[in-house]
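Everything below concerns the one structure shown next.
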Amino acid sequence: MVQPLDYLKESASQTAGPYVHIGCTPNFVGINGVFKQDLGAGKLYDDQATGTRITIRGTVFDGGGYALKDALVEIWQADAQGLYNSPSETAGAPDPHFAGWGRSPGDMDTGEFLFETIKPGRVPFKDGRFMAPHITFWIVARGINIGLHTRMYFPEEDAANVADPVLARIEHKDRVPTLIAKPDGENAYRFDIRLQGDGETVFFDI
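The sequence shown: position 169 = 169 (full-length UniProt numbering), numbered continuously.
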């Protein structure tokens, strides 16, 4: 029997800040005893992990060009073989020494986030074509009602980036560079995220 659902009213939404750090990174804000270590903190790999170790730094900027000092950033990615640390992975066994997921609350003075991870391998798109190596980013902060998704691609992967089926779907090609990290030293990258205005990062509806 079908029941009417008009009595179910939509709950009010609110932005993530300023309490997101209390719930997600309590040690970071000085609340000890909840977790031994904040979930997703630290390196995404241990000494036995395979692949190239890389460092990613960046800042989330608002529409006025100011750094968001209370943003929380998470990443999710494949390992060096292109396999995800997920029960739904069917292409092979992912590296057990690589987490595949990390979280950074950023620096409260500068807004800069930091990840120490492994450069990912290529993974297939839903039609079987291989995507370029990339890392998925999720951002929450004050003024954001729903977390924003974007991707970071690698500047040295020119051929793979050109053939990437997701990048190919971006209508305005002049915005593709907002998804390409900048070299920032040996095995290090800079990936700034701009929410609005000049150089606004491409976000994905996931």
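We put the beta carbon where it would ideally sit given N, CA and C, even for glycine. Here the structure is a predicted model, which is why all the values come from computation and not from measurement.
If I measure Cβ to Cβ from residue i and keep anything under 7 Å in the same chain, skipping five residues before and after, which residues do I get?
i	result
proline 183	Pro155 and Tyr189
glycine 199	Thr178
arginine 122	Gly82, Phe130, Met131, Ala132, Pro133 and Ala160
isoleucine 170	Val176 and Val202
With distances taken Cα to Cα, identify the nearest neighbour of residue i among the options.
i	options	result
arginine 129	Pro165, Gly111 and Gly33	Pro165
leucine 83	Phe125, Gly40 and Pro105	Phe125
isoleucine 135	Asp127, Arg142 and His149	His149
tryptophan 138	Asn187, Asn161 and Phe113	Phe113
histidine 172	Val34, Leu72, Arg103 and Thr201	Thr201
asparagine 145	Phe115, Phe191, Ile170 and Val20	Val20
phenylalanine 28	Ala67, Ser104, Ile54 and Ala12	Ser104
tyrosine 45	Ser11, Lys9, Pro94 and Gly30	Pro94
Report all residues from its chain with a CB closer than 8 Å to the CB of residue i; omit the five preceding and five following residues, and keep chain order.
i	result
phenylalanine 32	Residue identity differs from the one stated: residue 32 is asparagine in this sequence, not phenylalanine. Cβ neighbours of asparagine 32 beyond the five flanking positions: Pro26.
threonine 52	Ala80, Ile118, Lys119 and Asn187
methionine 108	Lys69 and Asp70
residue 225	Because the chain here runs from 1 to 206, residue 225 falls outside it and cannot be looked at.
aspartate 127	Pro165
Under a CB-based cut-off of 8 Å, is residue i close to chain C?
i	result
arginine 190	Absent from the structure is chain C; it holds one protein chain and no more.
Could you pull out every residue in the same chain whose Cβ sits closer than 6 Å to the Cβ of residue i, ignoring the five residues on either side in sequence?
i	result
arginine 151	His134, Thr136 and Leu179
glycine 92	Leu83
tryptophan 76	Trp101 and Thr136
Taking 8 Å as the cut-off, decide whether the C-beta atoms of residue i and residue j are in contact.
i	j	result
glycine 42	alanine 71	no
glutamate 157	alanine 132	yes
glutamine 37	histidine 97	no
alanine 163	valine 60	no
asparagine 85	glycine 100	yes
glutamate 116	threonine 55	yes
glycine 147	glycine 65	no
glutamate 89	glycine 40	no
phenylalanine 204	glycine 58	no
alanine 67	glycine 111	yes
glycine 63	leucine 195	yes
- request: Could you pull out every unbroken beta strand (DSSP E) segment of at least 3 residues lying fully inside the segment 31-73, listed in chain order?
  value: 53-61
Continuous alpha helix (DSSP H) assignments of at least 4 residues falling wholly in the segment 134-198: 158-163
message: Suppose only complete runs of 3+ residues qualify. What are the beta strand (DSSP E) ranges in the segment 83-121, listed by chain order?
response: 101-104 and 112-118
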